[in-house]
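Take a look at the structure set out below.
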Amino acid sequence: MPSDHYSQNPANYTPAPHPPRVAPRGKWEEVRWVMSWTDDKIAQAMRDIDPAMTAPDATPLPGDWARMRSIMIYASPQRSVLRSIARWGWTVPVAAAAVVVALTAGPIAATPSYAATPPPLATRPLDDTIDDVISESLDILRAATATTPSRDAEVVRWSLREDGADDPVIVPEWQEWVWNPDGTGYLSARAGAPYSVTDDGKIVEPVGDSPDEGDPIERATSSQRDFGFFPDEPPVDAREMRDYLTVHAHLPDDADALALWGAISLLRDEWTITADQQAAALEILAAAGGLSLLGTVEDRFGRDGIALSVTSTSRHQFGATIVLEEASRQIIAADIIYKGGSDRLDLDTGSVIEYSAWLLPR
880 MPSDHYSQNP ANYTPAPHPP RVAPRGKWEE VRWVMSWTDD KIAQAMRDID PAMTAPDATP
940 LPGDWARMRS IMIYASPQRS VLRSIARWGW TVPVAAAAVV VALTAGPIAA TPSYAATPPP
1000 LATRPLDDTI DDVISESLDI LRAATATTPS RDAEVVRWSL REDGADDPVI VPEWQEWVWN
1060 PDGTGYLSAR AGAPYSVTDD GKIVEPVGDS PDEGDPIERA TSSQRDFGFF PDEPPVDARE
1120 MRDYLTVHAH LPDDADALAL WGAISLLRDE WTITADQQAA ALEILAAAGG LSLLGTVEDR
1180 FGRDGIALSV TSTSRHQFGA TIVLEEASRQ IIAADIIYKG GSDRLDLDTG SVIEYSAWLL
1240 PR
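According to this note's numbering, the residues represented by the sequence shown are 880 to 1241, in order.
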């Protein structure tokens, strides 16, 4: 039987030895073609995808990360068509081109009787305002015992695949960066326990081919030695953190809350940040607007938390749900949510198209 994906205890997780780096294989013709695109061509393609929501003079920027990666995919190792390339240190203009390539395959559709995506997190009402929650969370974070940030974050992640395979299989991935002495590194990823979800939300055995839990996940990468997005230690001051994210993620000056969340999520992927750094990130999101309170929640590891909704002022098709751990108020999980309005995604409004669960230091 599949393991209980919503109540695994990350404290019991013992990292396996890092799998060897595996050379990329298959479909590299498409990737090389993507790499040859100019920014102008990428911008035009993005307008072709979504002309109503893309300004005529829009230029794809890394600040669009949260929106773009919402429709990026991870294909399972046995059924790869085009793997997500944006996470492994390539620029987001390239990610935008990969989105264009992926979407040409046609609408994404679920097989009858099975859901293409996992169930959304179930929230319960909380008798507080968003301002109350933010204020209390900042107080808790700033009063926490001082720790040292480290570039050793671990995340469990799943993203919607678009390979059109029958019998949808959800394969979460355990991911962490492995750094070399010279500061370069690579992302180590291995399969979590695969499963499928019935239309009524029940988790069942995978209904198609799937990797074994612990199998290394191959990556299509641009280099054997990447630097990640954030080689420098993050600051603890909110204004300095905003500047840091803007520089390293190339955010526009007027980045909205969803774009900022995309950069914070990237930072969270690389760094185990301190409570003070978490407070700075939360303060930035609150100042940007677009936050609302959803309620209390359990994340996919059964951790108690408070769920906040993040929206965009310009890209209304996607949003994010971020989870603050109830006790520590650290950011521990997030979902990317499809909010409707795209003729390229044959999914119900409210579908989860990516989830992330960051593991706290043990």
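A virtual CB, placed ideally from N, CA and C, is assigned to each residue, including glycine.
Given the structure is predicted, the values throughout are model-derived calculations rather than measurements.
Handout entry: Option nearest alanine 1186 by Cα separation, candidates Ala1032, Ile1009 and Ala994
Key = Counted from its first residue, the sequence shown places residue 1186 at position 307. Selected option, being the one with the closest Cα: Ile1009.
Practice task
Take leucine 1173 and list the residues in its own chain whose beta-carbon comes closer than 7 Å to its own, dropping the five residues that flank it on each side.
Solution key: Locating residue 1173 in the sequence shown gives position 294, where the first residue counts as 1. Once the five neighbours on either side are set aside, the close Cβ partners of leucine 1173 are Thr1002, Ala1186, Leu1187, Ser1188 and Thr1200.
Exercise for the section: Give me the Cβ distance between arginine 1208 and leucine 1020, rounded to the nearest whole Å; I'm assuming they're in contact under 8 Å. Expected result: In the sequence shown, counting from the first residue as 1, residue 1208 sits at position 329. In the sequence shown, counting from the first residue as 1, residue 1020 sits at position 141. With a contact defined as Cβ atoms closer than 8 Å, arginine 1208 and leucine 1020 qualify at about 5 Å.
Handout entry: Three-state secondary structure (DSSP) of isoleucine 1009
Key = Residue 1009 sits at position 130 when you count from the first residue of the sequence shown. Helix at isoleucine 1009.
Problem - Nearest candidate by alpha-carbon position, reference histidine 1195, set Ala1025, Lys1218, Val1057 and Ile1210 - result: The residue labelled residue 1195 in the question sits at position 316 within the sequence shown. Taking only the C-alpha atoms, the option nearest histidine 1195 is Lys1218.
Exercise for the section: Would you check if the distance between the CB atom of alanine 1159 and the CB atom of alanine 1206 is smaller than 8 Å? Expected result: On the sequence shown, position 280 is the one that residue 1159 refers to. On the sequence shown, position 327 is the one that residue 1206 refers to. No, Cβ-Cβ distance for alanine 1159 and alanine 1206 is not below 8 Å.
Handout entry: Cα-Cα separation between proline 1090 and tyrosine 1065, rounded to whole angstroms
Key = By 1-based counting over the sequence shown, the position of residue 1090 is 211. By 1-based counting over the sequence shown, the position of residue 1065 is 186. Straight through space, the alpha carbons of tyrosine 1065 and proline 1090 are spaced by roughly 21 Å.
Handout entry: Contacting residues, own chain, Cβ-Cβ under 7 Å from valine 1012 (five flanking each side not counted)
Key = Taking the sequence shown and counting its residues from 1, one reaches residue 1012 at position 133. Correct list, in chain order: Leu1172 and Ile1185.
Handout entry: Given proline 998 as reference, the closest of Leu1164, Val1231 and Thr1192 once Cα atoms are compared
Key = Position 119 of the sequence shown holds residue 998. Nearest option by C-alpha distance: Val1231.
Practice task
Report, in whole angstroms, the separation of the C-beta atoms of aspartate 1135 and glycine 1169, which I expect to be a contact under 8 Å.
Solution key: Looking up residue 1135 in the sequence shown gives position 256. Looking up residue 1169 in the sequence shown gives position 290. With 8 Å as the limit, aspartate 1135 and glycine 1169 qualify as a contact, their Cβ atoms being about 6 Å apart.
Problem - Cβ pair aspartate 820, leucine 1000 closer than 8 Å - result: The structure shown has nothing for residue 820, since the chain only spans 880 to 1241.
Practice task
Starting from threonine 1056, follow its DSSP beta bridges and name the residues at the other end.
Solution key: Reading the sequence shown from its first residue, position 177 is the one you call residue 1056. First, the residue type needs correcting, since residue 1056 is tryptophan and not threonine in the sequence shown. Tryptophan 1056 is bridged to Leu1066.
Handout entry: Spatial distance of leucine 1220 from serine 1075 (CA atoms)
Key = Here residue 1220 refers to the residue found at position 341 when the sequence shown is read from its first residue. Here residue 1075 refers to the residue found at position 196 when the sequence shown is read from its first residue. It should be noted that the sequence gives glycine, not leucine, for residue 1220. Approximately 26 Å between the Cα atoms of the pair.
Practice task
Report the rounded CA-to-CA distance for phenylalanine 1106 versus serine 992, giving the unit in angstroms.
Solution key: Start at 1 with the first residue of the sequence shown, and residue 1106 comes out as number 227. Start at 1 with the first residue of the sequence shown, and residue 992 comes out as number 113. Computed Cα separation, rounded: 43 Å.
Exercise for the section: Measure from the alpha carbon of aspartate 1225 to the alpha carbon of each residue in Leu1039, Thr1024 and Leu1239, then state which is nearest. Expected result: Taking the first residue of the sequence shown as 1, we reach residue 1225 at position 346. Measuring from the Cα of aspartate 1225, the nearest candidate turns out to be Leu1039.
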